[in-house]
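>
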Amino acid sequence: MSNHAQPLSPAPATLAPNAPKKKSKENSVWSRLLKNKLAMVGMVIIAIMVIFALFAPLIATHGPNDMDLANSLSEPGIDGHLLGTDNYGRDLFSRIVYGTRISLIVGIFAIGLGGMIGTLLGLLAGYYGGKWDAIIMRLMDGLFAFPFILLSISLMTVLGAGLFNVILAIGIANIPGFARIVRGQVLAVKEEEYIEVTRSLGANDSRIIFHHILPNCMAPIIVYATMHVAGAIISEAALSFLGLGVQPPTASWGSILKDGKDFLVLSPHMATFSGLAILLSVLGFNLFGDGLRDALDPKMKV
Amino acid sequence: MLKLIFKRLFDLIPTLFVVATTVFIITRLIPGDPAAVLLGPQASPDEIAKMRETLGLNQPLYLQYVDFLGSLLQGDLGTSLGYNQPVMSLIMERFPNTLLLSACALALSLLIGIPAGIISATKQYSFWDYTVMILSLVGVSMPIFWLGVMLVLYFSVHLGWLPATGMGSLSEGFGSVVTHLILPSIALSTIPMATFARITRSSMLEVIRQDYIKTARAKGLREFFVVWKHALKNAMTPLLTVMGMQISSMLGGAVLTETIFSWPGMGRLVVDAIENRDFVVVQGTVLFIAVIFVLINLLVDILYTVVNPRVKLTNKGEG
Amino acid sequence: MSFDLKQGETIGIVGESGSGKSVTSTAILGLIPSPPGKIERGSILFEGKDLTKLSQAQMRKIRGNEISMIFQDPMTSLNPVFTVGNQIIEVIRLHQQLDKKAARQRAIEMLKLVGIPEPEKRLEQYPHEFSGGMRQRVMIAIALACNPKLLIADEPTTALDVTVQAQILDLMKKLQDDLQTSIIMITHDLGVVWESCQKVLVMYAGNTVEYATVEELYEKPLHPYTWGLLDSQIKSDTTGKLPSIPGNPPDLREDIAGCYFAPRCPYAKDKCFSEKPPLVEVAPNHLVACHFQTSDHRLERKGGSQA
């Protein structure tokens, strides 16, 4: 599928230990990335998200669940509520800051989970081929037949709501994508001469897979993962928006938007700001992922 | 050609089998008791046990599986507990509505996305190019459920131009359906539109440098025909690949769009079923949508051969 | 640079890749991509009309109709997603008032003319079903479908097998005799020039360095660059390594004071680096741009290989 993707370091370190050359290649990837303005915008957005998530208690002006019913649904800027309050009088800015945590946690852990399992399956299918390949990829085709969000939804209906289950559902829904990308990459790398050489030198399968093939698959995996963190963030928000995700009173952008939809006429700021937070963070990961792909290999099919 | 299509349809059987099995696994094997989920947290153990009986969950797993596949073969997706109706007839009532919405959104995204991508490519680095590229970047990142809410806020609440919910009815005239269609179609078309614009641009940029484009110009063709006939048809192949994927995510996006706009389609059916914990309906609808998606992909494969004569319709079963 | 061409005549434009041959040809058709390219000055006279002064619409009437072009690589110059027939009929219907049926008939005639068997069947096929030589025949059919007065052939045989090369050249010569078309033959291969041209223009770095009749140039080549080209041609007695001209053509974005070829010229003297040699007629029908090749001074050509 993605045999266009260039492995990061075509000359394997074991055959020709060429450290300085490899270093300069990495440097050029970085310098290309740093020169890409859009990618840098993406990186800044991601950095702000990380800071929000890590230092939420310091940045938030109020507790995320502190209710002030007398001041419910107040407009932005009134009474020290930067973005106004929600229907329970909770400070919207603080809830959005805390909501960053949920988005990032789900984004990172769901993609981590799906990425790990998917990569493993892709490595097995690509490396061993034959029956392994047929069984694994048929299974992945089956999973792929479900629109992504529907797969997450149906998983959530069985698993029940909650943060852990959201991660699990989105993670599982991400497995087939990773498996496909990695399998294609393995098929391309497997035929390279140095893999033959390594094998003839007596390396066993697991060493070849994890020390030689996997490192050469990393570039597309990283790009794919970055872009799909964006997808996971949207999915979490969508699940919470449907009331299937993180349960109240935990602040999640999707659930704020869900509440905001019910008070659209009275106080449109709830829906507006929570949605903008989702849009910006997704845009951030997409921009960074795009830039990363262009820096590593513009022809990469991810 | 026809023979090949039948052959490909035949080849779909294993995929459909996997799809059905996946749905079965999701509902039966993953931790969580459908009966408990169905009844909610207040249910007593007795009630749960009774519900397990009704759902046939007390049978051995393989028997459940055989039953499940057996009824599927007869087109039976089970009976909804909430509606007390066969799931299949529930779906059939709503499927045309989802089809109408998705078709409008797809048409909208193609009619705007492709020309935008072409203009962007033929005027690379111009003001238009930057505008299209920035809009499409925002577009692919759009949470469409938020966009839907915002569209309602401005066009229905503030301006009062368009209805916020429902789909109108033909008895109120054709216009009633059309006005109800506009906002949900825009919301649903955003991501595919942006994706089509991006793909068309990059694929046109590649095609426009090819020798056969020089040949077309040397023939004395107008630039309009060079671009829209000779270049575009060559740029279609990557576009088709993406189109298959976009149609799939549109079917998913329909769930969210229909929820926001109370559009009486399959997505709305799923969400209502989730709220009523009617998991037979969820399972049946998801299965139905997956089958539709598989069929659409077959259609895309057939379209490939129309667009690109070098591609022969083959039996390319494995992923 | 300057040259003229009569009806039914063939001129060869010779030079290394990057010497500006193809730019010249695309300039005639007004197809230089702009930006960055632009015709700064000069004129291209075709039957008394200055092509550089025509509007785009007027140029379109000429392209493919009165002036046609064949490109180097037949594998990439036909559109892969349209049938061959479609691509021939397109140009016929574009320039001639023919209905579909008549245009189709004309397309079949053209395929027959360029020596493609079973033209009715081949018409419905796609380019990928043709071999390289057959595709170049199709390109020629497209180019000649409207009986152009001028055909520009940009390295028409370079991408083909040697045996096919000769067939294509023969075909072009035969069709030229039938249709009285003038041809501009762009090539780096002097062998092609000897076989098919009456006049030849040697280009280096966008400038004419030598311009003569083929007989003149064959007998008495004068410019050191032409000698270099001749030495690097494959001959029947070539053994071992083929000599080539050392170095690369200059970067024309830089300002060069002297003769463009001087840095690579084994005969270069100080004057060559400071002063540009003019193109002068040193013998009847023979122009050359070299300080040391004039009507009253000749260079001694060093024997064969200089590499």
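Chains A, B and C are the protein sequences, given in the same order. Heads up, the first sequence is in our numbering, so the first residue is 12 and it goes up one at a time. Heads up, the second sequence is in our numbering, so the first residue is 11 and it goes up one at a time. Heads up, the third sequence is in our numbering, so the first residue is 8 and it goes up one at a time. The beta-carbon is built from N, C-alpha and C at its ideal position, and this holds for glycine as well. If you're wondering where the values come from, they're calculated on a predicted model, not measured in any experiment.
#1: C:Gln-183 and C:Thr-33: beta carbons closer than 8 angstroms?
#2: Would you report the Cα separation of B:Ala-207 and B:Ile-128, rounded to the nearest angstrom?
#3: Who pairs with C:Pro-155 in a beta bridge, going by DSSP?
#4: By Cβ distance, which residues of its chain are closer than 7 angstroms to C:Asn-154, with the 5 residues on each side in sequence left out?
#5: Tell me the rounded alpha-carbon separation between C:Glu-222 and C:Trp-201.
#6: Jot down the residue ranges of each uninterrupted alpha helix (DSSP H) in the stretch 138-178 of chain B, minimum 4 residues, whole runs only, in chain order.
#7: Whose Cβ in chain B lies nearer than 7 angstroms to the Cβ of A:Pro-226?
#8: Kindly say whether C:Thr-220, judged by its beta-carbon, lies nearer than 8 angstroms to any beta-carbon of chain B.
#9: Which residues in chain B sit within 7 angstroms of C:Gly-71, going by Cβ to Cβ distance?
#10: Grouping DSSP H, G and I as helix and E and B as strand, with all else coil, what is C:Glu-217?
#11: With 8 angstroms as the threshold, decide whether the Cβ of B:Trp-156 is near any Cβ in chain A.
#12: How do the stretch 96-115 of chain A and the stretch 65-78 of chain A stand: do at least 3 beta-carbon pairs fall below 8 angstroms, yes or no?
#13: Would you list the residues sitting across from C:Val-21 in a DSSP beta bridge?
#14: What residues from the stretch 192-219 of chain B come within 8 angstroms of chain F, judged by C-beta to C-beta, listed N to C?
#15: Would you kindly work out how many angstroms separate the C-alpha atoms of C:Asp-168 and C:Gly-254, rounded to a whole number?
#16: May I ask you to list, following chain order, the residues of the stretch 96-126 of chain C that have a beta carbon less than 9 angstroms from some beta carbon of chain B?
#17: Please check the pair C:Ser-189 and C:Lys-13, which I expect to be a contact at CB under 8 angstroms, by giving their CB distance rounded to whole angstroms.
#18: So that I know if they touch, is there some Cβ in chain B lying closer than 8 angstroms to that of A:Gly-286?
#19: Using CA atoms only, rank isn't needed, just tell me which of A:Lys-46, A:Gly-125, A:Leu-174 and A:Ser-114 is closest to A:Arg-191.
#20: Assuming B:Ile-36 contacts A:Leu-44 under a Cβ cut-off of 8 angstroms, what Cβ separation, rounded to an integer in Å, is found between them?
#21: Would the stretch 220-240 of chain A count as touching the stretch 157-174 of chain A if we require 3 or more Cβ pairs under 8 angstroms?
#22: Rounded to whole angstroms, what's the CA-CA distance from A:Ser-263 to A:Thr-111? Just pull it up for me.
#23: Mark B:Phe-303 as exposed unless 16 or more other C-beta atoms lie within 10 angstroms of its C-beta, in which case mark it buried.
#24: Are the CB atoms of B:Leu-266 and A:Asn-297 within a distance shorter than 8 angstroms?
#25: Got a sec: is the Cβ-Cβ distance from C:Leu-7 to anything in chain B below 8 angstroms?
#26: Measuring only between beta-carbons, confirm whether C:Val-30 sits less than 8 angstroms from chain B.
#27: How would you write the range of the beta strand (DSSP E) that A:Met-151 sits in, first residue to last?
#28: Name the chain B residues whose beta carbon is nearer than 7 angstroms to that of C:Met-76?
#29: Do B:Leu-279 and B:Leu-100 have their CB atoms nearer than 8 angstroms?
#30: Anything in the stretch 238-262 of chain B with a Cβ closer than 7 angstroms to a Cβ of chain A? List those residues in chain order, please.
#31: Could you tell me which whole beta strand (DSSP E) segments of length 3 or greater appear in the stretch 238-294 of chain A?
#32: Using a Cβ-Cβ cut-off of 7 angstroms (strictly less than) and excluding sequence neighbours within five positions of B:Met-253, which residues of its own chain qualify?
#33: Using only CA atoms, which one of A:Arg-210, A:Phe-157 and A:Ile-122 lies nearest to A:Met-238?
#34: Between which two residues does the alpha helix (DSSP H) harbouring C:His-293 extend?
#35: Closest Cβ-Cβ distance between C:Gln-172 and chain B: below 8 angstroms?
#36: Helix, strand or coil for C:Lys-332? Go by DSSP, reduced to three states.
In short, the structure shows the following:
#1: For the 8 angstroms CB-CB criterion, C:Gln-183 and C:Thr-33 do not form a contact.
#2: B:Ala-207 and B:Ile-128 have their C-alpha atoms spaced approximately 8 angstroms apart.
#3: Its beta-bridge partners do not exist; DSSP assigns none.
#4: Within the same chain, Cβ atoms closer than 7 angstroms to the Cβ of C:Asn-154 are found at Leu-186, the five residues on either side in sequence being excluded.
#5: If I take the Cα positions, the gap works out to 8 angstroms.
#6: You should have 154-161.
#7: Against A:Pro-226, chain B offers no close residue; the least beta-carbon distance is about 24 angstroms (beta-carbon pairs closer than 7 angstroms).
#8: Not an interface residue.
#9: Going along chain B in sequence order, the residues near C:Gly-71 (Cβ under 7 angstroms) are Ala-228, Lys-229 and Gly-230.
#10: Strand, per DSSP.
#11: Interface criterion met: the Cβ of B:Trp-156 is under 8 angstroms from a Cβ in chain A.
#12: Yes, the stretch 96-115 of chain A is in contact with the stretch 65-78 of chain A.
#13: According to DSSP, which records beta bridges pairwise, C:Val-21 is partnered with C:Thr-194 and C:Val-209.
#14: Any reference to chain F falls outside this structure, whose protein chains are A, B and C.
#15: Distance between the alpha carbons of C:Asp-168 and C:Gly-254 is about 28 angstroms.
#16: Result list: Glu-97, Val-98, Leu-101 and His-102.
#17: Contact holds; Cβ gap of about 7 angstroms.
#18: Answer yes: the Cβ-Cβ gap between A:Gly-286 and chain B drops below 8 angstroms somewhere.
#19: Ranking A:Lys-46, A:Gly-125, A:Leu-174 and A:Ser-114 by CA distance to the CA of A:Arg-191 puts A:Gly-125 first.
#20: Actually they are not in contact, since the Cβ atoms of B:Ile-36 and A:Leu-44 sit about 39 angstroms apart, beyond 8 angstroms.
#21: Too few Cβ pairs lie closer than 8 angstroms, so no.
#22: The alpha-carbon of A:Ser-263 is positioned some 8 angstroms away from that of A:Thr-111.
#23: By the 16-neighbour rule on beta-carbons within 10 angstroms, B:Phe-303 is buried.
#24: With respect to the 8 angstroms criterion, A:Asn-297 and B:Leu-266 are not classified as neighbours on the basis of their beta carbons.
#25: Nothing in the structure corresponds to residue 7 of chain C, since chain C is present only between 8 and 314.
#26: No, because no Cβ of chain B sits closer than 8 angstroms to the Cβ of C:Val-30.
#27: From DSSP, A:Met-151 is part of no beta strand (DSSP E) but of the alpha helix (DSSP H) over 141-155.
#28: Within chain B, the residues near C:Met-76 are Ala-228.
#29: Yes, the Cβ-Cβ distance between B:Leu-279 and B:Leu-100 is below 8 angstroms.
#30: Considering only beta carbons, the part of the stretch 238-262 of chain B lying closer than 7 angstroms to chain A consists of Ser-258, Ser-259, Leu-261 and Gly-262, in chain order.
#31: Taking 3 residues as the minimum length, the stretch 238-294 of chain A contains no beta strand (DSSP E) run wholly inside it.
#32: So the qualifying residues of the chain are Val-310.
#33: If we check each option's Cα against that of A:Met-238, A:Ile-122 comes out closest.
#34: Where C:His-293 is concerned, there is no enclosing alpha helix (DSSP H), although the beta strand (DSSP E) around it starts and stops at 293-295.
#35: Chain B, which has no Cβ nearer than 8 angstroms to the Cβ of C:Gln-172, makes this no.
#36: Not covered by the structure: residue 332 of chain C. The range shown for chain C is 8 to 314.
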